[in-house]
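Quick notes on the structure that follows.
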Amino acid sequence: MASTVGTGALTPDRTRARETRGRLAGPALVAPFALFYIVFLLGPLLYTFVAGFFNGSLLRDGFGSWVGFSNYADVLGDSEFWRTLKHTLWFTVLTTIPLVLLALGLAILADRFVRGRWFIRFAFFAPYVIPSASVSLIFMWGVLADQTGLAQDWLKTLGVSSPPSWLGDPNWAMWSLAGVTVWWTIGFNFVLYLAGLQEIPRDVHEAAAMDGAGPWQRIRHVVIPMLGRTTTLVTVLQIVASLKVFDQIYMMTGGGPDGSTRPTLQYIVDTGFTDGRTGYASVVSLFLFLVILLISLVWFFLVRRAEKES
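Note that this note's numbering has the sequence shown beginning at 240, numbered continuously upward.
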């Protein structure tokens with residue numbers, strides 16, 4: 240008697256084997272990222288937390304002697320730590336606001352161009368791919384240099400007889416670094432906003448125009464609300480990036496003049512690698528991590544509450 244089960248039919252064994260493969264597919268796909276996350280993120284974070292309880296040093300192997308919470312108490316009472324944290328937060332304010340607002344405004348203007356949009360996107364994004372060392376050298380020796388910089392020449396042309404020392408004056412150094420950072424990194428936020436604008440259906444703009452809404456009203460009541468999630472993403476990414484500032488400040492001012500631009504990350508590098516106090520530097524790193532995490536969570540909470548109320 241011939242079998243009534245075709246060769247392509249699923250037997251109970253084949254069904255169980257397919258279900259097993261289906262259950263294992265998800266974990267198998269996640270496994271590489273999970274391994275990367277544990278080895279390069281959770282692992283160093285746990286090591287930093289443990290190292291904070293020891294008087295570690297680069298001059299000897301191991302964690303060093305146990306000191307308990309004394310490193311934490313010393314950091315909380317360290318005036319230099321709070322000073323560098325103040326510099327970091329001030330730099331974050333100086334860069335985040337223009338990098339969000341200017342990027343949004345430029346993206347709205349660029350979105351109105353039908354032809355040549357690719358060139359505009361390239362022109363704004365191109366500085367972002369320049370290495371930080373190159374950007375620092377360009378501005379340090381070519382634009383912001385005393386006596387010979389282009390910025391000095393422009394001001395003298397406008398009639399300013401005594402231009403400020405952009406990187407040598409404590410009152411101007413942080414503003415100068417923020418300006419360089421805005422020019423250098425605005426392209427990334429610009430591209431994110433431009434992508435968000437292109438996701439807004441043209442029918443929405445046409446409907447608003449038919450209802451009598453002008454260009455500014457469409458931007459205010461249609462474009463900006465529909466870019467809410469993009470703005471949240473851009474703002475959080477920018478805050479985190481600004482709180483981790485190091486490269487351009489270290490190369491252009493070295494934290495000077497008189498420590499007026501020294502960020503927390505540079506304080507961690509100086510304490511951990513120059514002074515060799517790895518345990519103390521680990522605690523400072525954890526505090527900076529908590530500040531970044533807290534600010535990000537607060538921003539997400541405020542945005543979520545605003546979305547629910549609207």
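Note that CB positions come from ideal geometry on N, CA and C, so glycine has one too.
Among the options, which one has its Cα closest to the Cα of residue i?
i    : options                : result
D350 : H460, Y489, G435       : G435
V475 : T334, G407, T503       : T334
W411 : V537, W329, F272       : W329
P337 : G518, Q477, T517       : Q477
V430 : F363, A390, D408       : F363
I425 : G398, F308, N310, L341 : L341
V306 : V537, Y519, L541, L532 : Y519
R516 : F292, V421, L263       : F292
E438 : I347, G418, L281       : I347
W422 : P366, P440, Q391, P370 : P366
L407 : T250, G495, V269, R459 : The identity of residue 407 in the sequence shown is Gly, whereas the question assumes Leu. Of T250, G495, V269, R459, the residue nearest in Cα terms is G495.
A480 : Y311, F427, A452       : F427
G344 : L525, I463, L324       : I463
R441 : L315, M465, V419, P283 : M465
Y506 : S304, A384, W321, Q386 : W321
F540 : A273, T471, F378       : T471
According to DSSP, residue i sits in a beta bridge with which residue or residues?
i    : result
S304 : N294
So for residue i, helix, strand or coil by DSSP?
i    : result
L416 : helix
R544 : helix
G426 : helix
T492 : coil
R556 : This structure does not reach residue 556, given that the chain is present from 240 up to 549, and the question cannot be answered.
G435 : helix
A452 : coil
R299 : coil
T250 : coil
S521 : helix
F485 : coil
L406 : coil
L466 : coil
P271 : helix
G511 : helix
S400 : coil
D442 : helix
G265 : helix
R459 : helix
R255 : helix
D317 : coil
R516 : coil
As an exercise, report each continuous alpha helix (DSSP H) stretch of at least 4 residues that is fully enclosed by the region 332 to 398, in chain order.
Listed in chain order, they are 356 to 364, 371 to 376, 389 to 396.
Decide if the region 432 to 452 is in contact with the region 503 to 511; the criterion is three or more beta carbon pairs, one per stretch, under 8 Å apart.
no
Counting beta carbon pairs with one atom in the region 479 to 496 and one in the region 365 to 378, are three or more of them shorter than 8 Å?
yes
Give a yes or no on contact between the region 283 to 290 and the region 516 to 530, applying the rule of three or more CB pairs nearer than 8 Å.
yes
Tell me whether the region 398 to 413 and the region 490 to 501 touch, counting them as touching only if at least three CB pairs, one residue from each stretch, are closer than 8 Å.
yes
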